[in-house]
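Residue numbers (my numbering): 16 to 197.
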């Protein structure tokens with residue numbers, strides 16, 4: 016199996032550092048060319064499933080413009096700053112959004128958000144033995160409420176579709192599997 020080749024690209028929208036859209040000409044492995052293949056560029060980001068020393072999961076109930084009904088549960092998350100290491104971003108976001116720090120980190124993987132259109136890469140982490148250190152200092156636009164949820168509550172919420180974005184669901188499913196296997 017051969018990957019597609021990008022033959023050319025042109026920017027058709029440069030909205031901000033948070034969104035660009037390109038049009039690519041791509042060549043398929045069989046030699047067929049497709050012009051005007053849309054490609055979306057947004058910053059890579061992290062999601063952190065954080066678990067306290069008491070075994071409670073740090074989750075948010077928050078509003079999100081792009082989810083049905085507007086309200087969702089979510090793990091810690093945020094954009095990776097230019098030049099920032101994903102783990103450093105994960106540690107920073109955990110501290111900023113919750114006021115917690117964790118000594119035990121496990122990388123759950125890097126995943127393309129959209130395999131055909133780009134978008135971003137999600138870097139997922141599990142942070143265990145988190146402890147409250149300082150007041151949160153998040154600069155998020157949405158309203159959010161920090162929840163401390165028991166393992167069974169997280170599992171029920173996950174199965175009920177209360178985490179309404181695929182990367183959040185993936186992060187929690189992977190983290191629960193690791194926790195349950197240990």
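Where a beta carbon is used, it is the ideal one built from N, C-alpha and C, also for glycine. Please read all numbers here as calculations on a predicted model, not as lab measurements.
Under a three-way DSSP split, which group does residue 108 fall into?
-> Three-state DSSP puts residue 108 in a helix.
Within this structure, are the beta carbons of residue 160 and residue 24 separated by less than 9 Å?
-> Not in contact: residue 160 and residue 24 (Cβ atoms no closer than 9 Å).
Hey, how far is the Cα of residue 114 from the Cα of residue 129?
-> Taking the straight line joining both Cα atoms gives about 31 Å.
Per-residue DSSP class, three states only, for residue 16 = DSSP places residue 16 in coil when its eight states are reduced to three.
Assuming residue 189 and residue 123 form a contact by the criterion Cβ under 8 Å, report the distance between their Cβ atoms to the nearest whole angstrom.
-> Yes, they are in contact, since the Cβ atoms of residue 189 and residue 123 sit about 4 Å apart, within 8 Å.
With 16 other CB atoms within 10 Å as the buried threshold, where does residue 186 fall?
-> Burial call: buried.
Helix, strand or coil: which one does DSSP assign to residue 53?
-> Strand at residue 53.
Roughly how many whole angstroms lie between the Cα atoms of residue 16 and residue 44?
-> Looking at the two C-alpha atoms, the distance is approximately 8 Å.
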